[in-house]
Structure formats: structure tokens, C-alpha cells
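Participant:
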Amino acid sequence: WLLWPAVLAVILGLYPAAVTPGMATSAVPRPPDALAGEFDVVVLGATGFTGRLACEYLAKKAPKGIRWAMAGRDKLKLEALRKELPNASKEVPIMEVDVADLGALDVMAAKTKVVANFAGTPYYDKALPVVAACAQMGTSYVDITGEVPFMRASADRYDAIAKKTGALICHACGFDCVPFDLGVMLAAREMRSRHGVACDRIRTYIKRASGSASGGTLATVGYLLALDKNKEGARAARDPYGLDPPDGKGGPDVRDSGEVGMLPHYDEDIQSWTVPFPLSAVNARVVRRSNALSKYAYGESMSYGEATMVPNRNTGFVAVAGLGISLAVMLFPLTRWAAFRWALPAPGEGPSRAQQEAGFFKLRVVAHGEQDGDGEEAPKVTVLVESGNGGDPGYKCTARMAIESALCIALEKEFCASAGGVVTPASGLGQVLVDRLNH
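Heads up, the sequence shown is in our numbering, so the first residue is 2 and it goes up one at a time.
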């Protein structure tokens, strides 16, 4: 509860992150018929908390014959991590790469089909040069960012270049926003398949979830809260349709929580009390971008929102009060400093193995179709999205989702939903990612 309000404040643009300009590299795109380098996937930021989990997942679960490597700025830490991996990965190649070294980024991008970037904390001042190198080289890219201004800046700068080179640049491939983005895609598709109509509104409800926060995530929050708000991409954080492409049509939404305001709301549709879900400020913008990039396959006037289900009204008031108190703590420099000094984990620290295994999430996506004017009740479709054995949503499960997103492109790019550009999990990877996560 201490983390989410601060994340929300950053995402909503109260304190958007500053942008360190990602200078265009001098890389020359690979010829389309050329072999895509030595590797299928390079994990950048491999020694960070979630990066380590991603490497462990690849070491244990990667398809036979997959070529992957670890990259980061500290060779000694990379070598130490390699020693901890299963025997089959003891010889996995390592690459010494600093995200401030444009030449090193070019070399890395030239050697792989996909860069899976976990080098955030935050992404806003580190990842734009990585995206630039990948886009210009024709190398695809995935990350786990939830930073709306960064995603806006990335799309503005590199979408056209990536389309020309065939690079798929896919942000938000973790808990924010894969389960939400794919769940909505499936609900809208099922609505058309069963009832032959577009969606009028879609709501995602967090039924139950358990997870933890790492020191790196908390450090990102603190870093962003301290920065000037007048930076590139900040407007997107305050506009519900701020991530839409330039030709986007907008829509009816004025907030990201649907019918839920600042107080608990009883939702007749699901017969449950609900409260705001802080990550809706990220997820909803990505979902709306997916709809726009799919030429409004979900519905041209589709409304989208998210909320957390709570057992009763009193629990809802407690949750809202906790959010408010936590937000107040994180907004003021002195209390924020004290929280980071004495109460919160440091960068590199995070949930224990037991906590990672025990974590989970269960989502319920409810879609209402457009009415045909004959007075009949609008059709409804419900989709359930659950983590299964994925573990902690923000860390173990996020590492899995991000690596499977990378493998979609590395191994099955011809079946992905988009050929290139700055995309979303739904608009770029689509059913290919659904199938990989299910199997």
C-alpha cells in the first residue's frame, strides 16, 4: 500500500520523470535477409532484481537451442550471476554494456534479434538510447516499464524508424500491462465472435492479488518524485488517451477507474464493492493505445476502466484511507526520505523466494457490447485472467511475461500481430503471447 500511491502520482504526471535525450545512433540497419546476429535474446540489466529472475527463467525454461546472453555494466557481477545459474547455462555469454555508451549499445543491438531490457530505475533516463539503437538497427525490444511519459517519448521518437527497419518495440511487458492488455483483447474478440458487435465498455476488476515491491522499484518512485514535471511526455500522463497514436480518435473516458471515484463504489454489474486500482493509470492508457493501433477493433467509442474488488464497504474505506496516507508520505521530501532511510528495501533487494512463490493475481474482465437499438439487453462477455504458477505479479511473474514476450519475437515474429513500430503487448504480440503464456 505504501508503494502504489507514489507510483500513481508519478504516472498521473504530478511528478513526471525528466528525459535524458536518447541520441540517434549511427547504426546502419541490417539487411532484411541477413542473419540476425549471434543471439536470439540478450537480457540487458541482467544483475538487477528482476533481470536476475529473467535469466533464471531463461536458464530453466528456454526452448532447446535458444541462443541468449546476459548484458550489464559490471562484468564481475555478470560473472557471479552466471555461476549461480543451472549447469546448462554456466557458459552463457556475457556482454559488458553501459547504457550511456552508444557504441556499446550499437554492438549489442547488432548481435541479437531481441533486447529484453531490465535496466530501469528508472527507464526514463536510461532506456531511450537503448530503444534508439534497437529501432535503427532493426532489432526488436521489450521491457517492463510502467512509465507513461517514457512510452510516449519512445513512440514519438522511434515509431516511424522502427516501422521502416522492422523492429518491434514493445513496452510494458510485465504485470503492467500484459494481463490487462491481453484480457481486454480476448474479451473484445470474443464479443465479436459470439455476438457480432463491438464493445461499448470494458472493465477489468482485480479480484485477488498478492505481491511485493523491490528496492529498485521504490528507488525509481523516489527518483521520479524528485524531478521536474515539465518534461517530454508529461502531457500523456495526464490525458486518458495520451498514449494513442497521432491519428487516434480519442474516446469517452475522462478517468481510468470507470465508475469508481475516490470513495468505495458498489458495482452492480459484479455485485461487489470496489476501490481505485493505482496501476490503472498505466494499464488503461496502454489498452486504449492497443484499441487505436488495432483500428478500433474493440469499438470506436469503447470506454475502459479498472478497479479493485473489496469484501465490503468498510474494507473499501480502510483501503482508500491507506492509499491517502501513503500518498501523503511519499509526496513530501522529508517523509519520503525517512521512508527510504528506515522502512523500505534498498535497490537490489526485493521479495524473498518464498514470497515470490506465494504471490499471485486473479483478474476478471467484463465486456458489454454495443446495443442494436431494439431494446434488448446488451450482450456481455467475461474473461478470467489468472497467474497460475507464475508467482509474485511484479517480479517472478513479470520476468516470465517479459521473457516470453521476447521469445514471441525471437522465435515467432512472422505470426505476431505487427511487423514493426512501437507497439503494445496486445497490438504487437497478440495471440502468440497468449499461447506462449498458456503453455
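All C-beta atoms, glycine included, are put in the ideal place defined by N, C-alpha and C.
Predicted, not measured: the structure shown is a model, and the values here were computed from it.
Report the partner residues of Cys200 according to the DSSP bridge assignment.
Facilitator: Numbered from its first residue, the sequence shown carries residue 200 at position 199. DSSP output for Cys200 lists Gly370 as bridge partner(s).
Participant: Please decide whether Val149 counts as near chain B, where near means a Cβ-Cβ distance under 9 Å.
Facilitator: This model lacks chain B altogether; it includes just one protein chain.
Participant: In terms of DSSP beta bridges, what is Cys178 paired with?
Facilitator: Here residue 178 refers to the residue found at position 177 when the sequence shown is read from its first residue. Its beta-bridge partners are Gly175.
Participant: Taking C-alpha atoms, which residue in Gly38, Thr309, Leu408, Gly429 lies nearest to Asn292?
Facilitator: Translated into the one-based positions of the sequence shown, residue 292 becomes position 291. For Asn292, the nearest C-alpha among the options comes from Gly429.
Participant: Looking only at C-alpha atoms, which of Leu45, Glu39, Phe40 sits nearest to Ala403?
Facilitator: Stepping through the sequence shown from its first residue, residue 403 is reached at position 402. Answer by Cα proximity: Leu45.
Participant: Please work out which residues of its chain come closer than 7 Å, Cβ to Cβ, to Val433, disregarding the five sequence neighbours upstream and downstream, and give them in chain order.
Facilitator: As a first step, residue 433 is located in the sequence shown; it is residue number 432 there, counting from the start. Closer than 7 Å at Cβ, skipping near neighbours: Cys409, Glu413, Phe416, Cys417.
Participant: Compare the Cα-Cα distances from Gly66 to each of Val42, Ala81, Gly52 and report the closest residue.
Facilitator: Residue numbering aside, residue 66 sits at position 65 when the sequence shown is read from its first letter. Measuring from the Cα of Gly66, the nearest candidate turns out to be Val42.
Participant: Look at the alpha carbon of Ala1 and the alpha carbon of Gly392, and state the distance between them as a whole number of angstroms.
Facilitator: There is no way to answer for residue 1, as the model of the chain reaches only from 2 to 440.
Participant: Measuring straight from C-alpha to C-alpha, what distance separates His369 and Tyr305?
Facilitator: As a working mapping, residue 369 is identified with position 368 in the sequence shown. As a working mapping, residue 305 is identified with position 304 in the sequence shown. About 11 Å.
Participant: Unbroken beta strand (DSSP E) runs of length 3 or more, entirely within the segment 323 to 407: which are they?
Facilitator: Within the segment 323 to 407, the complete beta strand (DSSP E) runs of at least 3 residues are 361 to 370, 381 to 387.
Participant: Express the C-alpha separation of Pro426 and His266 in angstroms, rounding to a whole number.
Facilitator: Counting from one through the sequence shown, the residue named residue 266 turns up at place 265. Counting from one through the sequence shown, the residue named residue 426 turns up at place 425. Cα to Cα, the separation comes out at about 30 Å.
Participant: Take every Cβ of the segment 122 to 140, pair it with every Cβ of the segment 69 to 88, and state whether three or more of those distances are shorter than 8 Å.
Facilitator: They do not touch, by the three-pair rule.
Participant: How far does the alpha helix (DSSP H) with Ile162 in it reach, from first residue to last?
Facilitator: The residue you call residue 162 lines up with position 161 of the sequence shown. 149 to 166 is the extent of the alpha helix (DSSP H) around Ile162.
Participant: Quick one: give me the first and last residue of the beta strand (DSSP E) that Pro277 is part of.
Facilitator: As a first step, residue 277 must be located in the sequence shown, where it is residue number 276. Residues 273 to 277.
Participant: Go ahead and pull the three-state DSSP assignment for Arg209.
Facilitator: As a position in the sequence shown, residue 209 is number 208, starting the count at 1. Three-state result, Arg209: strand.
Participant: Hey, quick one: how far does the alpha helix (DSSP H) through Val283 stretch, first residue to last?
Facilitator: Numbered from 1 along the sequence shown, position 282 holds the residue referred to as residue 283. Its alpha helix (DSSP H) spans residues 281 to 294.
Participant: Quick check on Val255: does DSSP put it in helix, strand or coil?
Facilitator: In the sequence shown, the residue the question calls residue 255 occupies position 254. DSSP places Val255 in coil when its eight states are reduced to three.
Participant: For Ser428, does the three-state DSSP call read helix, strand or coil?
Facilitator: Here residue 428 refers to the residue found at position 427 when the sequence shown is read from its first residue. Looking at Ser428 - three-state DSSP - the assignment turns out to be helix.
Participant: Based on the DSSP secondary-structure assignment, which residues constitute the bridge partners of Met310?
Facilitator: Within the sequence shown, numbered from 1, the residue matching residue 310 stands at position 309. BP columns for Met310 point to Thr275.
Participant: For the beta strand (DSSP E) holding Thr146, just list the boundary residues, first then last.
Facilitator: Working through the sequence shown from its first residue, we reach residue 146 at position 145. Per DSSP, Thr146 belongs to no beta strand (DSSP E) and is neither H nor E.
Participant: Give the secondary structure of Ile410 by DSSP, where H, G and I count as helix, E and B as strand, and everything else as coil.
Facilitator: Translated into the one-based positions of the sequence shown, residue 410 becomes position 409. It is helical.
Participant: Using CA coordinates, which residue listed in Met71, Phe176, Val424, Cys171 is at the minimum distance from Gly49?
Facilitator: Locating residue 49 in the sequence shown gives position 48, where the first residue counts as 1. Looking at the Cα atoms, Met71 is the closest of the given residues.
Participant: Measuring straight from C-alpha to C-alpha, what distance separates Val108 and Tyr124?
Facilitator: In the sequence shown, the residue the question calls residue 108 occupies position 107. In the sequence shown, the residue the question calls residue 124 occupies position 123. If I take the Cα positions, the gap works out to 20 Å.
Participant: Sort out for me which residues DSSP pairs Tyr305 with in a bridge.
Facilitator: On the sequence shown, residue 305 is found 304 positions in, with the first residue counted as 1. Partner(s): Ile203.
Participant: For the candidate residues Val435, Glu97, Ala379, whose alpha-carbon lies nearest to that of Arg195?
Facilitator: Numbered from 1 along the sequence shown, position 194 holds the residue referred to as residue 195. Ranking the options by Cα distance to Arg195, first place goes to Ala379.
Participant: For the alpha helix (DSSP H) that contains Glu57, what are its first and last residues?
Facilitator: To locate residue 57, count along the sequence shown from 1; it is residue 56. It spans 50 to 62 - the alpha helix (DSSP H) in which Glu57 sits, taken as one unbroken run.
Participant: Would you kindly check if the distance between the Cβ of Glu97 and the Cβ of Lys76 is under 9 Å?
Facilitator: Against the sequence shown, residue 76 aligns to sequence position 75. Against the sequence shown, residue 97 aligns to sequence position 96. Yes, these two residues count as a Cβ contact at 9 Å.
Participant: Is the distance from the Cβ of Cys443 to the Cβ of Ala163 below 9 Å?
Facilitator: Residue 443 lies beyond the range of the chain shown here (2 to 440); nothing can be said about it.
Participant: Considering only DSSP beta bridges, list what Leu86 is partnered with.
Facilitator: The residue labelled residue 86 in the question sits at position 85 within the sequence shown. Paired residue(s): none; Leu86 is not in a bridge.
Participant: Going by DSSP, what residue range makes up the alpha helix (DSSP H) through Val43?
Facilitator: What you label residue 43 is simply residue 42 of the sequence shown in a count that begins at 1. Per DSSP, Val43 belongs to no alpha helix (DSSP H); it is in the beta strand (DSSP E), 40 to 45.
Participant: Is it the case that the Cβ atoms of Cys398 and Gly360 are separated by a distance below 9 Å?
Facilitator: The count along the sequence shown starts at 1 and reaches residue 398 at position 397. The count along the sequence shown starts at 1 and reaches residue 360 at position 359. Yes, these two residues count as a Cβ contact at 9 Å.
Participant: Using a Cβ-Cβ cut-off of 7 Å (strictly less than) and excluding sequence neighbours within five positions of Asp1, which residues of its own chain qualify?
Facilitator: An answer regarding residue 1 cannot be provided, because it is not within the stretch 2 to 440 covered by the chain.
Participant: Go ahead and label Ala35 buried or exposed: buried means 16 or more other beta carbons lie within 10 angstroms of its beta carbon, across all protein chains shown.
Facilitator: Position 34 of the sequence shown, counting from 1, holds the residue named residue 35. Residue confidence for Ala35 is low, a pLDDT of 38 falling below 50, so the modelled location carries little weight and cannot support an answer.
Participant: Quick one: Cα of Arg437 to Cα of Val261, how far?
Facilitator: As a working mapping, residue 437 is identified with position 436 in the sequence shown. As a working mapping, residue 261 is identified with position 260 in the sequence shown. Cα-Cα distance, rounded: 33 Å.
Participant: Provide the residue span of the beta strand (DSSP E) that contains Gly73, from first to last.
Facilitator: In the sequence shown, the residue the question calls residue 73 occupies position 72. It spans 69 to 73 - the beta strand (DSSP E) in which Gly73 sits, taken as one unbroken run.
Participant: Do you know offhand how far Thr309's Cα is from Tyr58's?
Facilitator: Locating residue 309 in the sequence shown gives position 308, counting from the first residue. Locating residue 58 in the sequence shown gives position 57, counting from the first residue. Roughly 29 Å between the two C-alpha positions.
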